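Novice: Before I ask anything, here is the structure I am working with.
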Amino acid sequence: MTMKESQIDKLPRPTGWRILVLPYKRKEKTKGGIILTDQSLEESQIASSIGLVLSVGPDAYKDKDRFPNGSWCKEKDWIIFGKYAGSRIKIEDGEVRLMNDDEVLGVIDDPEDFLHM
C-alpha cells in the first residue's frame, strides 16, 4: 500500500498514546478473479477493520501497568481494530484513522488472508 510523498508529509503526527493507521484498501480484483464495483470497494473501505500502522505517538504503550508485555504493535504492522475505532481523517484517496493505542485488537501478516466486510 503506497501513498504519495506529498500526502505523507501532510498527515497528522500522533501525539500522546495515539497511533496513525491507514485502513486497508481492497484490490479491485479478488483472488478468484471477480472484479469488484466501485461501490463495493467504497463500502469495503468504510467498513474496513484492518489497517497499516503509519506512526506511533511518543507515549503509546509506555504505561507498564496497562501494557506489561510491551507494545501491541509497531510502525509497518498490519493490525485489526474495531469498526468504529479512532477518528476518521479524510485524505486525497481515502482516509486515515487516529486511534488510541489500546484500540488494537490484533496483529496480522497479510490483510488479503482476512475477510473484513
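For the sequence shown, the working numbering assigns the number 41 to the initial residue and increments by one for each residue that follows. Yeah, the Cβ is synthetic: ideal placement off N, Cα and C, and Gly gets one too. Note that the coordinates shown come from a computational prediction; the quantities given were computed from them, not determined experimentally.
(1) By how many angstroms is the C-alpha of residue 93 removed from the C-alpha of residue 118?
(2) Just confirm the distance between the C-beta atoms of residue 122 and residue 58, as a whole number of angstroms; I'd bet it's less than 8 Å.
(3) Using only the alpha-carbon positions, how far apart do residue 135 and residue 60 sit?
(4) Measure the alpha-carbon distance for residue 126 versus residue 62 and round it to whole angstroms.
(5) In this structure, how does DSSP classify residue 156 when only helix, strand and coil are distinguished?
(6) DSSP three-state call for residue 75: helix, strand or coil?
(7) If you drop the 5 nearest sequence neighbours on each side, which residues of the same chain put their C-beta closer than 8 Å to that of residue 102?
(8) Closest to residue 48 by C-alpha separation, out of 154, 74 and 132, would be which residue?
(9) Would you kindly check if the distance between the Cβ of residue 54 and the Cβ of residue 129 is under 8 Å?
(10) Considering residue 95, what are the terminal residues of the beta strand (DSSP E) in which it resides?
Specialist: The short version:
(1) 6 Å
(2) With a Cβ gap of about 15 Å, residue 122 and residue 58 do not count as contacting.
(3) 11 Å
(4) 11 Å
(5) For residue 156, the predicted model reports a pLDDT of 42, less than 50, meaning its position is unreliable and no value from the coordinates is stated.
(6) strand
(7) 57
(8) 132
(9) no
(10) 90–96
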